[in-house]
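Following full-length UniProt numbering, the numbering of the sequence shown begins with 1 at its first residue and continues without gaps.
Even for Gly, the Cβ is constructed at its ideal location relative to N, Cα and C.
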Amino acid sequence: MLFSQRVSIPESYLRPPCPPPSQIAEKRVPKTVRPEHNIPSDIAANKNIHQGCLTCRIRKVKCDEQRPVCKRCENSPNKCEWLEPGQALSARGKRVESPAYGSPRLLASSESPASFDSGSPVSPASGHDFHLPRSHLSAAHIPLANSLQLSEQDRAAFAYIPYSTMVVSYGKLWQWSNFSYIYTNIANVYPGVMRSFIAVANMELRARELLIAQEVVDTSVSLERASRLAAAAAAHYTQALKDLSSLLDRICQTPEQDCDIDALFTMWFLILRYEACDSETTGASLLHLDGIRLFLGPYLRDDGQATGKKLPCVAQAMLLYTLYLDADSATGNMNSGQFCLDFLSRDAHDYISHEHLFLSVRSALPKMWGEQYPISELLDDMENYRPLRLYHLCQGSKLELLRLARSTTHGGYDDLKKLWRHVENFGEEFVDILLLAKKTPSSGGKRLMWTVYAAALDFHALQILCSSLDTYNETPFKPEPSLSYIFSVATKALEEDPRQVYRFMWSLSVALSKTNQTWLSTQLAKARVLLPRFGVPGLILEQCGGLSASNEGAQ
């Protein structure tokens with residue numbers, strides 16, 4: 001039954017006219033977290049620059065003077081601003097207003113932005129010398145409508161977000177990404193969004209300290225930092241739950257506004273992202289997913305025709321990310337995945353379905369940013385469409401595989417053959433992408449190649465898992481070439497940027513279940529410091545005669 005209830009939901013979630021917030025007990029501080037990020041190295045050049053964009057001139061770094069966005073700003077979280085002829089350096093250009101949020105406050109700073117470039121990854125070995133970027137916020141933080149006050153540690157965590165693993169995992173370069181829009185236009189208005197960002201950042205930073213502690217003789221400093229970051233993350237997470245409750249109450253009691261809905265779905269996603277780092281919050285995650293399911297009821301009935309309800313752009317993007325997060329969590333936790341399966345069950349033409357959300361979100365960024373969204377980013381979105389499409393099809397197919405593993409009805413083998421044909425068909429459609437991932441020597445710094453790598457690895461892992469469920473050996477597939485492919489592509493990709501391991505966790509987990517490759521095991525062990533629940537589910541392993549039930553992370 002679509003959108004069936006699987007957990008007991010607090011009465012407060014069920015009050016009409018829309019489900020107010022759940023009252024979730026405070027969670028214990030998570031015991032395991034995740035890992036390496038690569039924060040760009042400092043720029044060597046530091047000469048006085050008299051030409052170039054305003055941003056580079058303030059930072060006193062060399063600018064290539066390429067308009068409308070110079071290369072340095074394109075690869076960093078900074079906005080590229082230019083002075084008009086005759087305009088004084090002190091006269092800053094006015095920010096283009098957000099189409100959805102009127103005149104949001106800038107993350108203004110009385111300090112110069114940090115002198116580093118986000119384009120070049122840092123190796124794990126150099127992580128010991130890592131220093132947080134100086135905040136783009138002022139010392140007293142940005143002026144907030146909610147008067148939220150942050151400590152120096154909180155500001156540092158918030159300033160870390162543009163360089164976070166979370167941002168890297170979703171592919172789009174920071175400056176024109178969904179997260180950048182939320183960071184600049186929503187977080188300064190909604191305290192729960194900012195607190196959720198800070199909680200996620202602190203969990204990532206905590207994981208980094210835990211990894212450092214594994215490599216040094218004296219672990220006391222790193223472990224103390226990890227403990228402090230975990231406590232800060234838990235405090236902001238707990239407060240964000242209260243903010244979520246307050247926002248839901250306001251939405252239910254007043255006419256809905258798009259900005260409130262955007263903030264609500266952003267908070268849900270970020271809170272779930274935090275909980276993905278905490279092996280002890282599975283129950284809370286399921287509760288939030290049921291809350292989202294109930295909240296979406298009016299939008300799902302008659303595709304919203306009767307009520308006229310439509311989700312705004314940011315909310316749609318965050319809902320799609322939530323579906324992906326649930327799908328990835330389901331591969332290592334048999335209690336997860338039902339939320340995404342519910343949307344996958346809906347007709348592709350339904351307003352809110354797995355398929356429709358993907359198509360809608362592909363055009364969301366120009367709608368969010370409005371006229372200021374540059375041509376270069378439109379071209380980037382078009383360039384990445386096909387590999388993102390392949391990735392999305394793999395996400396749907398891995399969920400169908402999960403559905404088959406959970407099914408207690410007969411006819412499962414026919415369904416498996418049908419799924420295998422579907423996978424083969426879209427493999428033929430995207431054969432150019434699979435070949436590109438194999439043949440290209442490096443990413444060349446292009447977002448496109450990281451998207452290609454992630455999609456291609458997922459496809460080959462999906463083939464391995466499908467064939468392993470074929471106990472009658474009727475599938476014309478041998479896993480060895482796909483295993484070699486996964487190892488080859490993952491090796492060159494992670495040598496270039498180790499952070500990408502979090503995009504590859506599912507495919508690497510499948511590969512590890514078929515081989516005892518030490519390198520794969522090491523990569524996944526590091527990644528699971530931050531994301532402990534990601535792996536291949538035990539139920540599938542039990543049904544795969546060719547898979548090793550000892551796969552790490554399977555639960």
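Buried is the label assigned to ILE186, since at least 16 other Cβ atoms lie within 10 Å of its Cβ. Under the 10 Å beta carbon count, LEU465 is surrounded by 16 or more other beta carbons and is classified as buried. By the neighbour-count criterion, in which 16 or more other beta carbons inside 10 Å mark a residue as buried, HIS349 falls on the exposed side. Relative to LEU448, the option among LYS492, ASN425, GLU383, TYR391 whose CA is nearest is GLU383. In the three-state reduction of the DSSP assignment, GLN316 falls in the helix class. The Cβ neighbour count for GLN149, taken over all protein chains shown within 10 Å, is under 16; the residue is labelled exposed. Contact check for LEU300 against LEU357 fails: the beta carbons are separated by 8 Å or more.
For the pair LEU379 and ARG389, the Cα-to-Cα distance works out to about 16 Å. Each residue's CA atom was taken as its position, placing VAL200 and TYR321 some 15 Å apart. Residue state for GLY396 is assigned as helix, using DSSP reduced to three classes.
Burial state of ALA525 is exposed, judged by a 10 Å Cβ sphere holding fewer than 16 other Cβ atoms. In this structure, LEU272 sits away from ILE251, with a CB-CB distance that is not shorter than 8 Å. For LEU434, the enclosing alpha helix (DSSP H) covers residues 431 to 439.
A Cβ-Cβ separation of about 20 Å leaves PHE477 out of contact with GLN517 under the 8 Å criterion.
DSSP places ASN188 in no alpha helix (DSSP H); its state is neither H nor E. A contact is defined here as three or more CB-CB pairs under 8 Å, and the segment 195 to 215 meets this definition with respect to the segment 151 to 169.
Within the same chain, and ignoring the five residues on either side of VAL361 in sequence, the residues whose Cβ sits closer than 7 Å to its Cβ are GLN316, ALA317, LEU320. Per the coordinates, the alpha-carbon of PHE339 lies some 35 Å from the alpha-carbon of GLY445. The beta carbons of ASN178 and LEU365 sit closer together than 8 Å. Listed in chain order, the non-local C-beta contacts of ASP458 below 7 Å within the same chain comprise TYR391, CYS394, TRP506, SER507, local neighbours out to five positions each way being set aside. Here PHE269 has MET318, TYR321, THR322 as same chain residues with Cβ atoms under 6 Å from its own Cβ, once five neighbours each way along the sequence are excluded. With a 10 Å radius around the Cβ and a threshold of 16 neighbouring Cβ atoms, VAL501 comes out buried. Contact annotation: TYR237 and TYR190 have beta-carbon atoms that are not nearer than 8 Å. The DSSP assignment places complete alpha helix (DSSP H) segments of no fewer than 4 residues inside the segment 189 to 221 at 191 to 213, in order along the chain. Straight through space, the alpha carbons of GLY396 and SER353 are spaced by roughly 11 Å. Judged by beta-carbon spacing, ALA511 lies within the 8 Å limit of LEU520, meaning their Cβ atoms are closer than that value. The beta carbons of LEU311 and ALA276 sit no closer together than 8 Å. Assignment of GLU152 by DSSP, reduced to helix, strand and coil, places it in the helix class.
By the criterion of a C-beta distance shorter than 6 Å, GLN257 is surrounded by no residue of its chain, once the five residues flanking it on both sides are discounted.
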